[in-house]
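If you read the sequence shown in the working numbering, its first letter stands for residue 4, the second for the next number, and so on. Working notes, structure below.
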Amino acid sequence: MYGWHKMQDITSGSLNSSMNPTATPENPAGLSETWQFENLNFKKGKEELLDNIARNKSSTKDDEDDDESIDFHVVLNELQTMKNSQIATTEELRRVRMDNELLWKENYMMRERHRQQQDALDKI
């Protein structure tokens, strides 16, 4: 954030830390907890560079919305296509229901006819 980078302390190497006499039970290696950071725009006596230090912009939904312009004509065309597809599907479903009803009526009539023919054969 703000372009700061962590700097490696040259005294924190493994050779020096093993010989460090300031070891404690909490910090057995005797390493100091001092962190150092640097920024190219943070220099002693150069106050004009401080204005160049700015927080990095994160990628959020607001940024994505700015980057992408929504073409409402494309959205409306897609919506109309979906609506037409839904109307066609509804019409097809209505036709299938009517065909199903006709088939059930025909099935009932064929069963009645079969029963009458079976009765006629049983009389003979």
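Think of the CB as a built atom: it goes at the ideal place given N, C-alpha and C, for glycine as much as any other residue. Treat the numbers as computed from the prediction; the structure is a model and nothing was measured.
Could you tell me the boundaries of the alpha helix (DSSP H) in which residue i lies?
i      : result
ASN110 : 75-126
Just tell me which of the options has its CA closest to the CA of residue i.
i     : options                 : result
ALA57 : LYS47, ASN42 and GLU109 : ASN42
Quick one: grab the DSSP three-state call for residue i.
i     : result
ASP70 : Confidence is the limiting factor: at ASP70 the pLDDT is only 47, short of 50, which leaves the residue's position unreliable and the question unanswerable from this model.
Where does residue i land, buried or exposed, given buried means 16+ other C-beta within 10 angstroms?
i     : result
ASP70 : Residue placement at ASP70 is flagged as unreliable, the pLDDT there being 47, under the threshold of 50; the coordinate-derived value follows with that caveat. Exposed.
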